[in-house]
Amino acid sequence: PDDTNRQLTEKNLAEKKFELDPFMYKASHDLIGPLASIIGVSNIAQQEVEEETAHRYFQLITQSAKRLDSILSELLNLTRLNNSQLSLEEVDLGALLHEVVESLKYLDEAEKMSFNVQVNHQRTFISDKSLLHSIIQNLIYNSILYRNQDLEQPSVSIISSDQRYGLHLCIRDNGIGIPERIQGRVFEMFYRGNNQSKGSGLGLYIVKTAMEKLDAHIELNSRIDIGTEIILKFPTPEPTKEMVT
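Those letters in the sequence shown? Residues 141 to 385, by my numbering.
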């Protein structure tokens, strides 16, 4: 009876999720256009308005609209992720890591960051390149966002290695760290550890969802003012007809 109830609950949740995804996609997509208009008008107003108080209010409007725009974009990415099929192919992980780092290192927040990429694995790596890109980009962006600004050189290291079960990818930074009391919740949807959190609360949830889709495992170790280490464990998939050749 308990198993039957659990299966029914899981089936109902899956059906509700199937119904919700198209709505979330359409709503997010439809809101992005008006938001872009608000941001554009607000930017023009900041250039034309001279009164200091009004200028500050338009800045706040722009900041809030950009934040909402970021959340909607991530919701779109999440619905695409939920509905996409795995596309397995041989991935040049070293090239992918350098591509992601190059795309992020010129952010204002990354100005003093040092990036260290070490590709130590020898085996051929089979995965979904798009999902992998999303996972790595979200994690490195978090290391940049939550860097320790008191350090002369905040840093992040990305190191790959072969393991018995597959491939290890370790992303380690010397950032502000995550309090132990909330470490079990950081992968929840929309969870933000405190009011100073700058993200949308979706980045790590997207990482977790993508990892589950790849049948991979994620571990987090973090200490306040020391930094955070995230270990991604990818199994070696069996070649299938889904593989891109």
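Cβ atoms here follow ideal geometry from the backbone N, Cα and C, with glycine treated the same way.
Check                                                                                                                                                                                   : Outcome
Count the C-beta pairs between the region 251-268 and the region 294-304 that are closer than 8 Å, then say yes if the count reaches three, no if not.                                  : yes
Considering only residues of the region 210-290, which uninterrupted alpha helix (DSSP H) runs meet the minimum length of 4 residues and lie entirely inside it, listed in chain order? : 233-244 and 269-285
Given this structure, state the Cα-to-Cα distance separating residue 200 from residue 368, to the nearest angstrom.                                                                     : 31 Å
Alpha carbon to alpha carbon, how far is residue 342 from residue 202? Give it in angstroms, no decimals.                                                                               : 21 Å
What are the start and end residues of the alpha helix (DSSP H) that includes residue 347?                                                                                              : 343-353
Considering only the alpha carbon of each residue, which of 232, 358 and 329 lies closest to residue 346?                                                                               : 329
Out of 227, 363 and 315, which has the shortest C-alpha to C-alpha gap to residue 292?                                                                                                  : 315
Can you list, in chain order, the residues of its chain whose CB lies under 6 Å from that of residue 270, leaving out five sequence neighbours each side?                               : none
Since I believe residue 274 is in contact with residue 350 (beta carbons under 8 Å), could you give me their beta-carbon distance rounded to a whole number of angstroms?               : 6 Å
Compare the Cα-Cα distances from residue 227 to each of 280, 325 and 267 and report the closest residue.                                                                                : 267
Exposed or buried, what is residue 372 when buried is set at 16 or more other beta-carbons lying within 10 Å of its beta-carbon?                                                        : buried
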